[in-house]
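Novice: Counted the way this note's numbering counts, the sequence shown spans residues 1 to 398. Glycine residues also receive a C-beta, built at the ideal position from the N, C-alpha and C atoms.
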Amino acid sequence: MTRSLLLSNVRLADGQPVSVSIVDDRVAALGPHVEAQPDALAEDGGGALLLPGFVEGHTHLDKSHWGRSWYRNEVGPALVDRINNEREWRKTSGHDAAIQSLALARAFVQAGTTRLRTHVDVDTDAGIRYVEGVLSTRQTMRDVLDMQIVAFPQSGMLIRPGTVELLGSALAAGADVLGALDPALIDGDPVASLNATFGLAERYRKPIDIHLHEPGEVGAFTLKLLLDRVEAMGMQGQVVVSHAFCLGALPERERDVLLERIAHLRVALLTSAPPSRPVPPLKICRDKGVTIFGGNDGIRDTWSPYGVPDMLERAMLIGMRYDLRRDDDLAIAFDCVSDAAARGCGFADYGLRVGARADLVLVDAKCVAHAVVARPRRKLVIANGRIVVRDGELVNAV
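1. Under a three-way DSSP split, which group does I292 fall into?
2. Quick check: A180 and F221, are their CB atoms within less than 9 Å of each other?
3. Candidates D176, N85, K224: which alpha carbon is nearest P207's?
4. So which of E254, V218, R261, G216 has the shortest CA-CA distance to R229?
5. Using a Cβ-Cβ cutoff of less than 7 Å, which residues in the same chain neighbour A340 once the five nearest sequence positions on both sides are dropped?
6. Could you have a look at K379 and say whether DSSP puts it in helix, strand or coil?
7. Starting from the N-terminal side, write out each stretch of the beta strand (DSSP E) that is 3 residues or longer and does not extend beyond the region 62-142.
8. Among residues of its own chain, excluding the 5 on either side of Q100, which ones have a beta-carbon nearer than 6 Å to its beta-carbon?
9. Rounded to a whole number of angstroms, what is the C-alpha to C-alpha distance between K366 and D187?
10. Can you tell me where the beta strand (DSSP E) with D44 in it begins and where it stops?
11. In angstroms with no decimal places, state the Cα-to-Cα distance between T113 and Q139.
12. From the DSSP output, read off the bridge partner residues of G179.
13. Is it buried or exposed, R404, if we count other Cβ atoms within 10 angstroms and call 16 or more buried?
14. Taking its Cβ as the centre, do 16 or more other Cβ atoms sit within 10 Å of L7, making it buried, or is it exposed?
15. Look at the alpha carbon of E313 and the alpha carbon of H60, and state the distance between them as a whole number of angstroms.
16. With DSSP collapsed to three states, give me the class of G57.
17. Taking the continuous beta strand (DSSP E) assigned at T271, which residues delimit it?
18. For A103, I'd like the list of residues in its chain whose CB is within less than 8 Å of its CB, leaving aside the five on either flank, ordered along the chain.
19. Can we say the region 352-371 touches the region 46-55, given the rule of at least three CB pairs closer than 8 Å?
20. Does the count of Cβ pairs from the region 149-169 and the region 113-127 closer than 8 Å reach three?
21. Taking contact to mean at least 3 C-beta pairs separated by less than 8 Å, is the region 264-280 in contact with the region 306-321?
22. How big is the Cα-Cα spacing for A78 and E132?
23. Pick out whichever of D182, E43, V240, R377 has its Cα sitting closest to the Cα of D391.
24. Which value, in whole angstroms, describes the spacing of the CA atoms of A374 and M316?
25. Mind listing, in chain order, the continuous beta strand (DSSP E) runs of no fewer than 3 residues lying wholly within the region 230-273?
26. Quick check: the Cα distance between V134 and L178, rounded to an integer number of angstroms?
27. Look up G216 in the DSSP assignment and say whether it is helix, strand or coil.
28. Do you know how far the Cα of T302 is from the Cα of F334?
29. Whose C-beta lies closer than 7 Å to the C-beta of K379 among residues of the same chain, with five residues either side of it excluded?
30. Which whole-angstrom value describes the C-beta separation of A111 and P309, a residue pair presumed to lie in contact below a C-beta threshold of 8 Å?
31. Kindly list the residues whose CB is nearer than 7 Å to the CB of H370, restricted to its own chain and excluding five residues on each side of it in sequence; keep chain order.
32. Once the 5 residues before and after N396 are set aside, which same chain residues still bring their CB inside 7 Å of it?
33. Which two residues bound the contiguous alpha helix (DSSP H) that contains R11?
34. Please report the Cβ distance between V18 and P32, rounded to the nearest whole angstrom; I am assuming they are in contact, meaning their Cβ atoms lie under 8 Å.
35. So, under 8 Å CB-CB, L247 and A196 are touching, yes? Tell me the CB distance rounded to an integer number of Å.
36. One question on the structure: do L171 and Y130 come within less than 9 Å of each other, judged by their Cβ atoms?
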């Protein structure tokens, strides 16, 4: 049976008043004069700003303590301290990746996220148990949240024998993307580590999303090796480099040469815009044709007490980190958690256009810039053509 909904009295980013006709899960018509389908439900938007559903480009659903009691953080400052602490804590804490990922996924939907990419730990202690937990959450949320799962070797790959095979098992079980981590600083052999990663990706025909925290010249060396493999294996448009701190710390000429090659190979960049680390230059990346998008990274976990599952807040933090003040610049921050994130992650049928999947958010804001800085309550969230949030509360989602 066909479902239809007419959403009227809403405004586009340019202020144009429009109505939206939704049939089943698709935008059937969008414009100032839209006829309702027979027997369509009617929803008056009250003059609210119409936005596309938000896209979380990089989070860790399996790690989160969302909804649990406070975690007292006394972890050492080094990356390896945080890796080892989390792995040991998970052994004894009773942390359940299925329960925690579902709690956080629901909170994301409540705040207007309708597409999400999550990295999920795979290691020789837990095997693929965390991936299985998040696969369960994806199944539960399938009608309201489009989720990509990245099989992520958080504890390293080559330094923990058996991890390569476990990553293959995770991909075979349903993970969509192959993750990787600091081939030089964690695995200690960037050539062998990248060879293993690209070999797995080729075997399972999966895209790659690599965490690259490596700084300065070390990161640049690893990045060049990675780009060589993207080109040699024909993986243009199938690789994301997450964080890429090195691109915020290199001399301008060296950085620009890398960015031009990144653009040519259609490699995308992810930034959480952390306040204390170098970050890829947002506007320069965009000017050179590089897709750069945003994500929260971890939210309330053993790594960090910070974060909320609200992509408008992440857009605001991106704006603050990059000193974006003009309205048109704040629209770039929003693009990082909407269109650019959909492109970077490869989410299809996205956006405010006829034929796209009907993932829509209404907020009481004058314009996109106002929405980013004010982060108003979500007046209405439509996911997959269904109203799932009204006045900030879940109404038709799990």
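Specialist: Quick look at the numbers:
1. By one-based count along the sequence shown, residue 292 stands at place 292. I292 falls in the strand class under three-state DSSP.
2. Start at 1 with the first residue of the sequence shown, and residue 180 comes out as number 180. Start at 1 with the first residue of the sequence shown, and residue 221 comes out as number 221. Going by C-beta atoms, A180 is not nearer than 9 Å to F221.
3. As a working mapping, residue 207 is identified with position 207 in the sequence shown. Minimum Cα distance to P207 is reached at D176.
4. Position 229 of the sequence shown, counted from the first residue, corresponds to residue 229. Selected option, being the one with the closest Cα: R261.
5. Indexing the sequence shown from 1 puts residue 340 at position 340. Result list for A340: T291, I292, F293, in chain order.
6. Counting from one through the sequence shown, the residue named residue 379 turns up at place 379. Correct three-state label for K379: strand.
7. 113-121
8. By one-based count along the sequence shown, residue 100 stands at place 100. Once the five neighbours on either side are set aside, the close Cβ partners of Q100 are S64.
9. Sequence index remark: in the sequence shown, residue 366 carries index 366 (1-based). Sequence index remark: in the sequence shown, residue 187 carries index 187 (1-based). Cα-Cα distance, rounded: 49 Å.
10. Within the sequence shown, numbered from 1, the residue matching residue 44 stands at position 44. Per DSSP, D44 belongs to the beta strand (DSSP E) from 41-52.
11. In the sequence shown, counting from the first residue as 1, residue 113 sits at position 113. In the sequence shown, counting from the first residue as 1, residue 139 sits at position 139. Cα to Cα, the separation comes out at about 17 Å.
12. By one-based count along the sequence shown, residue 179 stands at place 179. For G179, which the question treats as bridged, DSSP gives the partners D209.
13. Given that the chain is displayed from residue 1 to residue 398, the structure contains no residue 404 and the question cannot be resolved.
14. Reading the sequence shown from its first residue, position 7 is the one you call residue 7. L7 should be labelled buried.
15. As a first step, residue 313 is located in the sequence shown; it is residue number 313 there, counting from the start. As a first step, residue 60 is located in the sequence shown; it is residue number 60 there, counting from the start. One C-alpha to the other measures close to 17 Å.
16. On the sequence shown, residue 57 is found 57 positions in, with the first residue counted as 1. Three-state result, G57: strand.
17. Position 271 of the sequence shown, counted from the first residue, corresponds to residue 271. First-last of the beta strand (DSSP E) with T271: 268-271.
18. Taking the first residue of the sequence shown as 1, we reach residue 103 at position 103. Same-chain partners within the cutoff: S64, W66, G67.
19. yes
20. yes
21. yes
22. Start at 1 with the first residue of the sequence shown, and residue 78 comes out as number 78. Start at 1 with the first residue of the sequence shown, and residue 132 comes out as number 132. About 29 Å.
23. Start at 1 with the first residue of the sequence shown, and residue 391 comes out as number 391. When only C-alpha atoms are compared, the closest one is R377.
24. Indexing the sequence shown from 1 puts residue 374 at position 374. Indexing the sequence shown from 1 puts residue 316 at position 316. So the two alpha carbons sit approximately 9 Å from each other.
25. 239-243, 268-271
26. As a position in the sequence shown, residue 134 is number 134, starting the count at 1. As a position in the sequence shown, residue 178 is number 178, starting the count at 1. The alpha-carbon atoms of V134 and L178 are separated by roughly 15 Å.
27. What you label residue 216 is simply residue 216 of the sequence shown in a count that begins at 1. Looking at G216 - three-state DSSP - the assignment turns out to be helix.
28. By one-based count along the sequence shown, residue 334 stands at place 334. By one-based count along the sequence shown, residue 302 stands at place 302. C-alpha separation (whole angstroms): 28 Å.
29. Sequence index remark: in the sequence shown, residue 379 carries index 379 (1-based). Closer than 7 Å at Cβ, skipping near neighbours: A48, L362, V363, D364, D391.
30. Locating residue 111 in the sequence shown gives position 111, counting from the first residue. Locating residue 309 in the sequence shown gives position 309, counting from the first residue. Right, the Cβ-Cβ distance comes to about 6 Å (below 8 Å), so this counts as a contact.
31. The residue given as residue 370 occupies position 370 in the sequence shown. Closer than 7 Å at the Cβ level, and outside the excluded window around H370, lies no residue.
32. On the sequence shown, residue 396 is found 396 positions in, with the first residue counted as 1. Excluding residues within five positions, the ones whose Cβ falls inside 7 Å are R386, I387, V388.
33. In the sequence shown, residue 11 corresponds to position 11, counting from 1. Element bounds for R11: not the alpha helix (DSSP H) but the beta strand (DSSP E), 4-11.
34. Working through the sequence shown from its first residue, we reach residue 18 at position 18. Working through the sequence shown from its first residue, we reach residue 32 at position 32. Contact holds; Cβ gap of about 6 Å.
35. One-based indexing of the sequence shown puts residue 247 at position 247. One-based indexing of the sequence shown puts residue 196 at position 196. Not a contact, Cβ separation roughly 24 Å.
36. As a first step, residue 171 must be located in the sequence shown, where it is residue number 171. As a first step, residue 130 must be located in the sequence shown, where it is residue number 130. No, the Cβ-Cβ distance between L171 and Y130 is not below 9 Å.
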